[in-house]
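J.: This is the structure I want to talk about, given as structure tokens.
Protein chains: 2
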Amino acid sequence: MKDTREVTIYDIARQLHISPATVSRGLNNHPAVSKKTRQKILEVAQALGYRSNTFASNLRRQHTNTLGVIVPKLNSHFVSSVLAGIEKVANEAGYNLIISQSLESAQKEVANANTMFKSRVDGLIVSLAFDTQDLSHFNPFFKKGIPVIFFDRVEQSLPSSTHIIIDNEKAGYQATEHLIQQGCRHILHITGNLTRNVYADRLKGYQEALKAYGLPFHETDVIVSMLDEKSAWETGRQIANMHPLPDGLFVANDTFAAICMQALKEKGIRVPDDIAIVGFNDDLVSRVVEPPLTTVHYPGQEMGELVARHLINHLQGTVPLTHTHTIIIHSELIVRQSSLRNPQR
Amino acid sequence: MKDTREVTIYDIARQLHISPATVSRGLNNHPAVSKKTRQKILEVAQALGYRSNTFASNLRRQHTNTLGVIVPKLNSHFVSSVLAGIEKVANEAGYNLIISQSLESAQKEVANANTMFKSRVDGLIVSLAFDTQDLSHFNPFFKKGIPVIFFDRVEQSLPSSTHIIIDNEKAGYQATEHLIQQGCRHILHITGNLTRNVYADRLKGYQEALKAYGLPFHETDVIVSMLDEKSAWETGRQIANMHPLPDGLFVANDTFAAICMQALKEKGIRVPDDIAIVGFNDDLVSRVVEPPLTTVHYPGQEMGELVARHLINHLQGTVPLTHTHTIIIHSELIVRQSSLRNPQR
DNA sequence: TCAAATTTTGAAACCGATTTCATAATTTTT
DNA sequence: AAAAATTATGAAATCGGTTTCAAAATTTGA
Chain A
3 MKDTREVTIY DIARQLHISP ATVSRGLNNH PAVSKKTRQK ILEVAQALGY
53 RSNTFASNLR RQHTNTLGVI VPKLNSHFVS SVLAGIEKVA NEAGYNLIIS
103 QSLESAQKEV ANANTMFKSR VDGLIVSLAF DTQDLSHFNP FFKKGIPVIF
153 FDRVEQSLPS STHIIIDNEK AGYQATEHLI QQGCRHILHI TGNLTRNVYA
203 DRLKGYQEAL KAYGLPFHET DVIVSMLDEK SAWETGRQIA NMHPLPDGLF
253 VANDTFAAIC MQALKEKGIR VPDDIAIVGF NDDLVSRVVE PPLTTVHYPG
303 QEMGELVARH LINHLQGTVP LTHTHTIIIH SELIVRQSSL RNPQR
Chain B
3 MKDTREVTIY DIARQLHISP ATVSRGLNNH PAVSKKTRQK ILEVAQALGY
53 RSNTFASNLR RQHTNTLGVI VPKLNSHFVS SVLAGIEKVA NEAGYNLIIS
103 QSLESAQKEV ANANTMFKSR VDGLIVSLAF DTQDLSHFNP FFKKGIPVIF
153 FDRVEQSLPS STHIIIDNEK AGYQATEHLI QQGCRHILHI TGNLTRNVYA
203 DRLKGYQEAL KAYGLPFHET DVIVSMLDEK SAWETGRQIA NMHPLPDGLF
253 VANDTFAAIC MQALKEKGIR VPDDIAIVGF NDDLVSRVVE PPLTTVHYPG
303 QEMGELVARH LINHLQGTVP LTHTHTIIIH SELIVRQSSL RNPQR
């Protein structure tokens, strides 16, 4: 037998011969209610199995206590760490989360944004899809003054919003520099859509490093890819057939790097001896391939916590949004076998 | 300048000199409103930038058009495929999604369930955490008649709910049989918490296969693990030191299998020649390790679509929930190098 | 002890859409 | 053309908390 009737504050009020107003206040720890009554209210609420009706509440106060999150894909170590971080902070602050994935499609990202808008999230956290150019789907949020905060995949041209990112240029520089220091002289850079900051900046770093060490930069050494599994295999095989063979690879993500490496090995090319490889993200896969992959680590959980905290602080008025912020968080190169030319014992 | 005032059906009504009731009907395609008025309503709504207030709506009709999803972890290929499937079907049917991860902790799963309950989801989709024993956190849903549907990680003892799973016993049997056919005579099975159906059933399949081929079963050949990265390395090294060495490994997931393989190789053990390995899940990692991993594939997206469709059908009254269903969907063994003892050609 | 200050409480309006029931407008029947 | 049937619209109640404003109860001060 299912109980179908919901318990409301009116039920509690009736039972205690007090007004619903007082019950509401009691339930919300409003200071203007005596300990005794609050205590009694809590007890009766408990006994009756009361649960607050979020809709009534949301309708009256004009906010939802809900944060929206749009990410490109859920199944990466990085993204799910970020999410864990966001969830932690959001939970502690009493915020709910609506999460959706754009699956790297700008079109789906637009749909997601619209859904979030209709759901009236109090704030939005976004990491852009691969091919998002036009950002007008966030205009409704801007117009309404709903804060939108971007992380990792951002669009810095955007006038008034906060970005939380790593220093991709520096990371790109370090990765490339490392390869050079390992003796590489002809380094390919495999990357994604160059309109996306993360890829554009890493490329910049790559170029800077080449210049700093007096190596020439060739347009043809930069391979722009969709970064999906299929192109990874193709690209890997393609590289294996190059003549002359490059001696270094700086790849925009670990999965792609791992697949390339596999493809190269199948063609009898030795890593790192013939080609040294550096990936990006410190995904689990970087640790299980043979040889283990040198990569750039950046702290997902921490980033998520920071993003969420920042957004919530803003929502609670602690921090005014006056100016655009760009917050840069730490990243580091993790050196493993795939790039070590002269193993130091 | 942000516009702060929300447009309501009253604004539309005023503008057209009609009643809010008619506007509401017009917006909802209620039959009792003439094409002409509906048309006008739609136009004005558009012009004014009206967006329906979900809370008012939810408050009045007593449902949310929202589905809750609780999964153990977001960052696996399987889970994110399932989610994509769920999202597709839910979107098409006009349902929103609230997604949360239990991070394999029963405690967090309870918290998630409570949040979902407070959010008044119309239905709940769950894949259980690693160590969830007690299912009482779903009681509120059962009591209220809110449908809960389980997939993959289920608890079949549960009286009245639907389960959508693969035939883990069969998959376990096939994996083990394959190893036996490749000449393995001493096969270890590495698995997770045996109270969880997926692991218990695969173990059963493993035992059945041994029996069918006249091989002895030893308790000590079953290694129960937390299945995290750290234990994977430890277990791998442990196995490498076994004496005598087993000649086959059937591992409960690809990540763990990949790490084990790596650990074995580091100790100079050849795969598949010394030890043949079969994983589970067909995660991307299974394709990039060396040698590629034999594994069990099961269709996440399809499973997600099925789960969502089933739930929504039920919610819309198409399908009565009268009896418990168990729906079994197809899975298959994908043979790759990690288990091929006698490469054909 | 009585007035002033402070703390608690309640009545009623409100948030915005939905829906019932009645009425007005239109169409069909005879 | 009048009556009957059908269709379209509106008034008002409702969903369940929150909040303003005023009043009641209690405490403090002199």
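Line by line, the protein sequences give chains A and B.
Sequential numbering of the first sequence, starting at 3, is according to this note's numbering.
Sequential numbering of the second sequence, starting at 3, is according to this note's numbering.
All C-beta atoms, glycine included, are put in the ideal place defined by N, C-alpha and C.
State yes or no: is the beta carbon of E111(B) nearer than 8 Å to at least one beta carbon in chain A?
T.: Taking the first residue of the second sequence as position 1, residue 111(B) is located at position 109. Chain A contact via Cβ: absent.
J.: Any beta-carbon of chain A closer than 8 Å to the one on N283(B)?
T.: Numbered from 1 along the second sequence, position 281 holds the residue referred to as residue 283(B). In terms of beta-carbon proximity, N283(B) stays away from the interface with chain A, with every pair separated by 8 Å or more.
J.: Please go through the same chain and pick out, in chain order, the residues whose beta-carbon is closer than 7 Å to the beta-carbon of R187(A), but skip the five residues on each side of it.
T.: For the purposes of this step, residue 187(A) is taken as the residue at position 185 of the first sequence. These residues qualify, in order along the chain: L217 and D249.
J.: Can you list, in chain order, the residues of the region 287-311 of chain A whose Cβ is nearer than 9 Å to any Cβ on chain B?
T.: V287, R289, V290, V291, E292 and P294
J.: Just confirm the distance between the C-beta atoms of V152(B) and V128(B), as a whole number of angstroms; I'd bet it's less than 8 Å.
T.: Locating residue 152(B) in the second sequence gives position 150, counting from the first residue. Locating residue 128(B) in the second sequence gives position 126, counting from the first residue. Going by the sequence as given, residue 152(B) is Phe instead of Val. That pair is a contact at about 5 Å.
J.: Go through the region 125-190 of chain B residue by residue and report every complete run of the alpha helix (DSSP H) that reaches 4 residues or more, in order.
T.: Runs found: 141-146 and 170-183.
J.: Within its chain, find whatever has a CB closer than 6 Å to the CB of N283(A); leave out the 5 residues flanking it on each side and keep chain order.
T.: To locate residue 283(A), count along the first sequence from 1; it is residue 281. In the same chain as N283(A), and ignoring 5 residues on each side of it, the C-beta atoms closer than 6 Å to its own belong to F80, N255 and D256, in chain order.
J.: In chain B, which residues lie less than 9 Å from I261(A) when you measure between Cβ atoms?
T.: The residue given as residue 261(A) occupies position 259 in the first sequence. Chain B residues near I261(A): L286, R289 and V290.
J.: Cα separation between D169(A) and L229(A)?
T.: Counted from its first residue, the first sequence places residue 169(A) at position 167. Counted from its first residue, the first sequence places residue 229(A) at position 227. Answer to the nearest angstrom: the Cα atoms are 21 Å apart.
J.: In three-state DSSP terms, what is E334(A)?
T.: Counting from 1 along the first sequence, the entry for residue 334(A) is found at position 332. Note: E334(A) maps to strand in three-state DSSP.
J.: Spatial neighbours of E307(A) within its chain, please: C-beta separation below 8 Å, excluding the five flanking residues on both sides.
T.: If you number the first sequence from 1, residue 307(A) lands on position 305. If we look at E307(A) and ignore the five residues flanking it on each side, its Cβ neighbours are G87, I88, K90 and V91.
J.: Here's the rule: buried if 16 or more other CB atoms are within 10 angstroms of the residue's CB, otherwise exposed. What is D275(B)?
T.: Start at 1 with the first residue of the second sequence, and residue 275(B) comes out as number 273. Exposed is the call here.
J.: Name the one or two DSSP bridge partners that T296(A) has.
T.: Within the first sequence, residue 296(A) is the residue found at index 294, counting from 1. For T296(A), which the question treats as bridged, DSSP gives the partners V280(A).
J.: Please tell me whether A131(A) has its Cβ less than 8 Å away from any Cβ of chain B.
T.: Position 129 of the first sequence, counted from the start, is the residue given in the question as residue 131(A). False, the Cβ-Cβ gap to chain B never drops below 8 Å.
J.: Leaving out five residues before and five after Y300(A) in sequence, what residues of the same chain have Cβ atoms less than 6 Å from its Cβ?
T.: For this step, residue 300(A) is matched to residue 298 along the first sequence. Hits under 6 Å: I168 and S333.
J.: Any beta carbon from chain A within less than 8 Å of H65(B)'s own beta carbon?
T.: Numbered from 1 along the second sequence, position 63 holds the residue referred to as residue 65(B). H65(B) does not count as touching chain A.
J.: Apart from the five residues on each side of it in sequence, which residues of its chain come closer than 8 Å, Cβ to Cβ, to E171(B)?
T.: One-based indexing of the second sequence puts residue 171(B) at position 169. D203, R204, K206, G207 and E210, listed in sequence order.
J.: Kindly confirm or deny that the region 10-30 of chain B and the region 44-57 of chain B touch, where touching means at least three C-beta pairs closer than 8 Å.
T.: yes
J.: Between the alpha carbons of D285(B) and S78(B), how many angstroms are there, rounded?
T.: In the second sequence, the residue the question calls residue 285(B) occupies position 283. In the second sequence, the residue the question calls residue 78(B) occupies position 76. Note on geometry: alpha-carbon atoms of D285(B) and S78(B) lie some 7 Å from one another.
J.: Ignoring anything shorter than 3 residues or poking outside the region 185-220 of chain B, list the beta strand (DSSP E) runs there in chain order.
T.: 189-193
J.: Does the CB of K4(B) have a neighbour CB from chain A at under 8 Å?
T.: Looking up residue 4(B) in the second sequence gives position 2. Only weak support exists for where K4(B) lies, its pLDDT of 45 falling under 50; the value from the coordinates is given anyway. By this cut-off, K4(B) is an interface position.
J.: Any Cβ of chain A within less than 8 Å of the Cβ of I279(B)?
T.: The count along the second sequence starts at 1 and reaches residue 279(B) at position 277. For I279(B), the answer is no, since every Cβ of chain A falls outside 8 Å of its Cβ.
J.: For A58(B), which residues in chain A fall below 8 Å Cβ to Cβ?
T.: Here residue 58(B) is taken as the residue at index 56 of the second sequence, counted from 1. F57 and L61, listed in chain order.
J.: Determine the chain A residues that contact A86(B) at a beta-carbon separation under 9 Å, and present them in chain order.
T.: Within the second sequence, residue 86(B) is the residue found at index 84, counting from 1. By Cβ distance, chain A contributes L76, Q103 and L105.
J.: Let me see if you follow: with CB-CB separation under 8 Å, is E236(A) close to chain B or not?
T.: The residue labelled residue 236(A) in the question sits at position 234 within the first sequence. Chain B, which has no Cβ nearer than 8 Å to the Cβ of E236(A), makes this no.
J.: Taking only beta-carbon positions, decide if Q264(B) is within less than 8 Å of chain A.
T.: Looking up residue 264(B) in the second sequence gives position 262. At least one chain A Cβ lies under 8 Å of Q264(B).
J.: Verify whether the separation of the beta carbon atoms of A242(A) and K269(A) is less than 8 Å.
T.: Translated into the one-based positions of the first sequence, residue 242(A) becomes position 240. Translated into the one-based positions of the first sequence, residue 269(A) becomes position 267. Yes.
J.: Please look up how many angstroms separate the CB atoms of Q264(B) and V290(A), rounded, as I've assumed it's under 8 Å.
T.: On the second sequence, residue 264(B) is found 262 positions in, with the first residue counted as 1. On the first sequence, residue 290(A) is found 288 positions in, with the first residue counted as 1. Correct: roughly 5 Å between the Cβ atoms.
J.: Going by C-alpha distance, which of P74(B), V84(B) and E94(B) is nearest A108(B)?
T.: Translated into positions along the second sequence, residue 108(B) becomes position 106. Minimum Cα distance to A108(B) is reached at P74(B).
J.: Which residues in the same chain as I330(B) place their Cβ atom closer than 7 Å to its Cβ, once the five residues preceding and following it in sequence are excluded?
T.: Locating residue 330(B) in the second sequence gives position 328, where the first residue counts as 1. Result list for I330(B): I167, I168 and D169, in chain order.
J.: Is DSSP giving S107(B) helix, strand or coil here?
T.: Along the second sequence, read from residue 1 onward, the residue named residue 107(B) stands at position 105. In this structure, S107(B) counts as coil in the three-state DSSP scheme.
J.: For chain B, check one thing: does any of its Cβ atoms lie closer than 8 Å to the Cβ of N255(A)?
T.: Numbered from its first residue, the first sequence carries residue 255(A) at position 253. Judged by the 8 Å Cβ criterion, N255(A) is not in contact with chain B.
J.: Kindly indicate if chain A contains any beta-carbon less than 8 Å away from that of E231(B).
T.: Locating residue 231(B) in the second sequence gives position 229, where the first residue counts as 1. True, the Cβ-Cβ gap to chain A drops below 8 Å.
J.: Mind checking if T117(B) is an interface residue toward chain A, Cβ cutoff 8 Å exclusive?
T.: Counted from its first residue, the second sequence places residue 117(B) at position 115. Yes, because at least one Cβ of chain A sits closer than 8 Å to the Cβ of T117(B).
J.: Along chain B, in chain order, which residues have C-beta atoms closer than 7 Å to that of S121(A)?
T.: By one-based count along the first sequence, residue 121(A) stands at place 119. Those are T56 and N98, listed as they occur along chain B.
J.: For V337(B), collect the residues of the same chain with a Cβ closer than 8 Å to its Cβ; drop the 5 residues on either side in sequence, then sort them by chain order.
T.: As a working note, residue 337(B) is residue 335 in the second sequence. Result list for V337(B): H180 and T296, in chain order.
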